[in-house]
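Participant: After the structure tokens below, expect a handful of questions from me.
Residue numbers (our numbering): 39 to 264.
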């Protein structure tokens, strides 16, 4: 298996439906000259009350659905999906995302061409087409928190100093080495996860992507953090 796509769902069946349609389409654009399967899609449902699984399972019979009897949170549900995933690359993807047709192919090509890349993210846009600052971040620090508290990061959104957390000085349309990848779209080599482990389940929601990004960075190159 080339790619395993893990999606955690909680009461967003209509968003997830659109997500799965786009994922199914993008999988078809993955180049593969071998007998290896292109991708598998795993949905972990955190005890949704909107009948997500019952509604979506007939529409996407090739998707694996795991159902929980309680809301276990994002990190633990992702790890559940990872336990049954067989891909050489793992993608953690939010259920409210729509991916372009060439998205997976482009990302996998980066891994193939750059063996020193252990994990990658992508440029994310909101529903209005506006760039999401969470696409590229540095590690949080007391200083970046102070800049945000006093509104300096908002007043100087492109400053290398005051907007350090969201890296506002970087061109949103270019590739960069960054500290933190968003859990909304985080593609990782399986061999990296074997070393770092996956999400720390002490995090119920939010912060787990920062923690995992830090461990990945230290694993890839602890001397430079890259």
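Just so it is clear, CB atoms sit at the ideal spot from N, CA and C, and this is done for glycine as well.
Can you tell me the Cα-Cα spacing of residue 186 and residue 62, whole angstroms?
Facilitator: So the two alpha carbons sit approximately 39 Å from each other.
Participant: Please work out which residues of its chain come closer than 8 Å, Cβ to Cβ, to residue 262, disregarding the five sequence neighbours upstream and downstream, and give them in chain order.
Facilitator: Summary for residue 262: the model assigns pLDDT 41, below 50, so the residue's position carries little reliability, and this model does not support an answer.
Participant: Near residue 139, which residues of its chain fall below 6 Å by C-beta distance, leaving aside the five closest residues on each side in sequence?
Facilitator: Once the five neighbours on either side are set aside, the close Cβ partners of residue 139 are 63, 64, 67.
Participant: I'd like to know if the segment 157-176 and the segment 224-244 are in contact, where contact means that at least 3 CB-CB pairs between them fall below 8 Å.
Facilitator: Yes, since at least three Cβ pairs between the segment 157-176 and the segment 224-244 fall closer than 8 Å, the two stretches touch.
Participant: Starting from the N-terminal side, write out each stretch of the alpha helix (DSSP H) that is 4 residues or longer and does not extend beyond the segment 122-169.
Facilitator: Complete alpha helix (DSSP H) runs here, min 4: 141-151.
Participant: CB-CB under 6 Å to residue 216, same chain, minus the five flanking residues each way: which ones, in chain order?
Facilitator: Around residue 216: 174.
Participant: Buried or exposed: residue 236, going by 16 or more other Cβ atoms within 10 Å of its Cβ?
Facilitator: With 16 or more other Cβ atoms within 10 Å, it is buried.
Participant: Which runs of the beta strand (DSSP E) fall wholly inside the segment 206-264 and span at least 3 residues, in chain order?
Facilitator: With a minimum length of 3 residues, the continuous beta strand (DSSP E) runs that stay inside the segment 206-264 are 223-227.
Participant: How about residue 146 and residue 41: are their beta carbons less than 9 Å apart?
Facilitator: Yes, Cβ-Cβ distance for residue 146 and residue 41 is below 9 Å.
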